[in-house]
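Only one structure is covered here, and it is reproduced in the block below.
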Amino acid sequence: MSRSAEDTEELEQLLFATAQGDQRAFKRFYDRSSAHLYPVALRILREEGKAAECLQEAYLKIWLRAADYEAGRSPLAWAAAIVRYQAIDFLRRLPKDLPEWEEPDWERADFSAEEASAPCARERQLLEDCLARLPPDQRQAISQAFYRAATYEEVAHFSGTALGTVKSWIRRGLLALRECLEHGAA
Amino acid sequence: MELRKFPRLAELLAASYVLGTLQGRARLRFAHMLRQRPWLARIVARWEDALMPKALTGPARPAPASVWHAVQAQLPGHTSPARMATAPAQSWWRASWWPALSAALTVALLVVWFWPTPPQMPYTAVLTNAQGKPTWVIRANAHDMRLRTLENVALPQGHSYQLWALVPHRKPISMGLLPTQPSESPILPAPDHIDMQSVELVAVTMEPAGGSPTGQPTGPILFKAYLVRS
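Respectively, the protein sequence lines represent chains F and R.
Counted from 1, the first sequence has number 60 at position 60 by this note's numbering; the numbering is strictly sequential.
To convert, count from 1 in the second sequence and add 186; that's this note's numbering.
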């Protein structure tokens with residue numbers, strides 16, 4: 001856990017230096033983070049080539065926007081959000097073929113090997129606890145939307161549920177999540 | 187509507203934005219609002235901090251090497267290491283890929299007066315496509331090249347168009363990847379060691395997606411144009 005805190009601090013310093021235009025620091029940030037961020041793109045885009053292109057655009061944005069990073073936030077979460085948004089943009093450009101939803105069960109997916117030292121372990125635990133408190137419909141709908149950055153339509157299609165119902169599950173679930181996260185973080 | 191008066195809605199929009207369920211025009215509008223409202227950006231940041239750790243679970247996986255090459259090619263001052271060699275670099279027009287491809291070249295040499303040229307934009311080039319249609323307009327000065335894309339550009343999947351600055355007696359210098367849609371008008375910074383006044387030509391090659399992995403052209407030159415003092 002202290003190893004993780006050191007990593008976070010190093011990443012933060014590298015981002016500050018990147019914001020000053022330090023390309024070596026940016027390269028080091030890339031070396032330390034890209035293996036964590038590549039799967040974020042891969043999981044959404046499901047194809048190595050597209051994920052690679054997405055990652056490239058995202059890192060350019062990280063380079064250009066490093067000055068926006070605020071101290072105290074998780075540097076990896078900040079960067080992962082940029083990758084996620086880039087992947088979402090790419091998704092909307094791809095042809096509308098809805099492949100089969102051959103998903104592992106994300107709620108119970110076994111990543112146990114490195115969980116304790118995974119980035120942002122404490123925040124993740126809080127989220128898991130809060131998700132666990134949601135009614136199963138809301139939790140499943142949010143999980144499905146989350147892992148593939150799916151649209152309401154896609155979640156409705158794959159769960160065989162009416163669109164309006166899915167929207168209502170996700171919205172209620174997000175608001176309940178907000179309440180829970182605020183209490184947990186306090 | 188002042189979103190600030192509706193905190194629950196703001197939270198919902200922020201969460202949906204991070205989640206990805208906010209899409210289409212609503213997503214674009216929200217992204218635009220984010221840039222102008224720091225309070226909203228903070229709410230989004232809180233959702234990012236809450237949700238992204240879960241996106242980061244799972245085994246790490248190294249990104250392909252081409253990703254860093256492509257990123258690096260777009261950073262300011264990037265030049266291929268071979269340029270720094272003291273031995274005279276092979277003239278680009280004697281490079282092995284040149285003769286076979288000169289037949290495919292389209293040369294544009296127009297000076298374009300579509301818009302008033304500010305005094306600090308002394309050079310202009312127009313790149314036309316194989317049908318002779320102006321496709322990219324470049325305005326170059328000492329610091330950068332500003333691009334305007336006039337047409338949608340067809341690009342085979344898995345490829346990219348890369349722009350090169352050509353200086354006599356030197357290897358081509360990468361300026362970055364070209365946009366393929368008229369909505370994109372990037373500014374490509376000039377590499378530090380290049381005096382833009384010594385650039386005579388710009389050329390476009392087709393490369394793998396993400397740009398040439400070697401730092402030098404690997405694909406055929408498709409278009410080129412002279413930079414003309416405007």
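From the three backbone atoms N, C-alpha and C, an ideal C-beta is built for every residue, glycine too.
C-alpha distance - A167 of chain R paired with A35 of chain F, whole-angstrom precision: Residue numbering for chain R in the displayed model covers 187 to 416; residue 167 of chain R lies beyond these limits and cannot be assessed.
Could you check the C-alpha separation between L220 of chain R and V230 of chain R for me, to the nearest Å? Reading the second sequence from its first residue, position 34 is the one you call residue 220 of chain R. Reading the second sequence from its first residue, position 44 is the one you call residue 230 of chain R. About 8 Å.
Can you tell me whether R124 of chain F is helix, strand or coil according to DSSP? Walking along the first sequence from the start, residue 124 of chain F turns up at place 124. In this structure, R124 of chain F counts as helix in the three-state DSSP scheme.
Take the Cβ of R211 of chain R as the centre, count every other Cβ of all protein chains shown within 10 Å, and call the residue buried at 16 or more, exposed below. Your numbering for residue 211 of chain R matches position 25 in the second sequence. Flag for R211 of chain R reads exposed.
Give me the chain R residues within the contact set of R92 of chain F, using Cβ-Cβ distance strictly less than 7 Å, ordered along the chain. Position 92 of the first sequence, counted from the start, is the residue given in the question as residue 92 of chain F. By Cβ distance, chain R contributes Q209.
Spell out a yes or no on whether the stretch 34 to 52 of chain F and the stretch 71 to 88 of chain F are touching, meaning 3 or more CB-CB pairs, one atom from each, closer than 8 Å. The stretch 34 to 52 of chain F, when compared against the stretch 71 to 88 of chain F, does touch it at the 8 Å Cβ threshold.
Return the chain-ordered list of same chain residues with a C-beta closer than 7 Å to the C-beta of E197 of chain R, the five sequence neighbours on each side being excluded. Within the second sequence, numbered from 1, the residue matching residue 197 of chain R stands at position 11. So the qualifying residues of the chain are I229.
Neighbour list for A411 of chain R in chain F, Cβ cutoff strictly below 8 Å: Taking the first residue of the second sequence as position 1, residue 411 of chain R is located at position 225. The contacting residues do not exist; A411 of chain R stays about 25 Å from chain F at best.
Identify the contact partners of G396 of chain R in chain F, using a Cβ-Cβ distance below 7 Å as the criterion. Within the second sequence, residue 396 of chain R is the residue found at index 210, counting from 1. Ordered by position in chain F, the residues that pass the 7 Å Cβ test against G396 of chain R are A52, E53 and Q56.
Which chain R residues are close to P35 of chain F, counting only those with a beta carbon under 8 Å from its beta carbon? Counting from one through the first sequence, the residue named residue 35 of chain F turns up at place 35. Sequence inspection shows Ala at residue 35 of chain F; the Pro mentioned does not correspond to that position. Neighbours of A35 of chain F on chain R, chain order: A246, R247, P248 and A249.
Please specify which runs of the beta strand (DSSP E), each continuous and at least 3 residues long, are wholly inside the stretch 311 to 355 of chain R, giving them in chain order. 320 to 326, 330 to 335 and 345 to 352
Are E321 of chain R and N315 of chain R close, meaning C-beta to C-beta below 7 Å? Mapped onto the second sequence, residue 321 of chain R falls at position 135. Mapped onto the second sequence, residue 315 of chain R falls at position 129. Here residue 321 of chain R is Thr; the residue named in the question, Glu, does not match the sequence. Yes.
Keeping to the same chain, check which residues put their C-beta closer than 6 Å to that of R178 of chain F; ignore five residues upstream and five downstream. Locating residue 178 of chain F in the first sequence gives position 178, where the first residue counts as 1. Within the same chain, R178 of chain F has no close Cβ partners at all.
Under the three-state DSSP convention, the category V385 of chain R falls into: Within the second sequence, the letter at position 199 stands for residue 385 of chain R. Judged by DSSP in its simplified three-state form, V385 of chain R adopts coil rather than helix or strand.
Option in F:L64, F:C120 and F:D31 with minimal Cα separation from P417 of chain R: Past the edges of chain R, shown from 187 to 416, lies residue 417 of chain R, and the structure says nothing about it.
Is the stretch 225 to 244 of chain R touching the stretch 365 to 384 of chain R in the sense that three or more CB pairs, one from each, lie closer than 8 Å? no
Which residues in chain A have a C-beta closer than 7 Å to the C-beta of S252 of chain R? List them in chain order. Structure shown: chain A not included; protein chains present are F and R.
Judging by CA-CA distance, which residue of R:P375, R:Q348 and R:D381 is the nearest neighbour of F409 of chain R? Counting from 1 along the second sequence, the entry for residue 409 of chain R is found at position 223. Closest in C-alpha terms to F409 of chain R, from the list R:P375, R:Q348 and R:D381, comes R:Q348.
Is any beta-carbon of chain F found at less than 7 Å from that of A256 of chain R? For the purposes of this step, residue 256 of chain R is identified with residue 70 of the second sequence, where counting begins at 1. Yes, A256 of chain R counts as interfacial toward chain F.
List the whole-angstrom C-beta distance separating A411 of chain R from L374 of chain R, where the pair is believed to meet the contact cut-off of C-beta under 8 Å. Here the question's residue 411 of chain R lines up with position 225 in the second sequence. Here the question's residue 374 of chain R lines up with position 188 in the second sequence. Actually they do not touch by this definition, with Cβ atoms about 15 Å apart.
At least 3 beta-carbon pairs within less than 8 Å: the stretch 167 to 176 of chain F vs the stretch 138 to 148 of chain F: yes
Specify the secondary structure class of S371 of chain R as computed by DSSP and reduced to three states. In the second sequence, the residue the question calls residue 371 of chain R occupies position 185. S371 of chain R: coil per DSSP, three-state reduction.
Of all Cβ atoms in chain R, is any one closer than 7 Å to the Cβ of F111 of chain F? Looking up residue 111 of chain F in the first sequence gives position 111. With a pLDDT of only 44 at F111 of chain F, under the threshold of 50, the placement of this residue in the model should not be trusted, and no figure is reported.
For M392 of chain R, return the contacting residues in chain F, with the cut-off set at a CB-CB distance below 7 Å. As a position in the second sequence, residue 392 of chain R is number 206, starting the count at 1. Within chain F, no residue comes near M392 of chain R; the closest Cβ sits about 15 Å away, beyond 7 Å.
Give me the chain R residues within the contact set of F146 of chain F, using Cβ-Cβ distance strictly less than 8 Å, ordered along the chain. Within the first sequence, numbered from 1, the residue matching residue 146 of chain F stands at position 146. Here the neighbours are L205, G206, L237, K240 and A241.
Return the CA-CA distance between L91 of chain F and Q209 of chain R, expressed in angstroms with no decimal places. Position 91 of the first sequence, counted from the first residue, corresponds to residue 91 of chain F. Position 23 of the second sequence, counted from the first residue, corresponds to residue 209 of chain R. Per the coordinates, the alpha-carbon of L91 of chain F lies some 11 Å from the alpha-carbon of Q209 of chain R.
When the Cα atoms are used, what is the spatial distance from W254 of chain R to K191 of chain R? The sequence position of residue 254 of chain R within the second sequence is 68, counting from 1. The sequence position of residue 191 of chain R within the second sequence is 5, counting from 1. Approximately 44 Å, taken between the alpha carbons.
Cβ-Cβ separation, A77 of chain F to M392 of chain R (assumed contact under 8 Å), whole Å: Position 206 of the second sequence, counted from the start, is the residue given in the question as residue 392 of chain R. Position 77 of the first sequence, counted from the start, is the residue given in the question as residue 77 of chain F. The Cβ separation is near 37 Å, so there is no contact.
Contact list for G344 of chain R against chain F, beta-carbon separation under 7 Å: As a first step, residue 344 of chain R is located in the second sequence; it is residue number 158 there, counting from the start. Close to G344 of chain R, with beta-carbon spacing below 7 Å, are these residues of chain F in chain order: G49.
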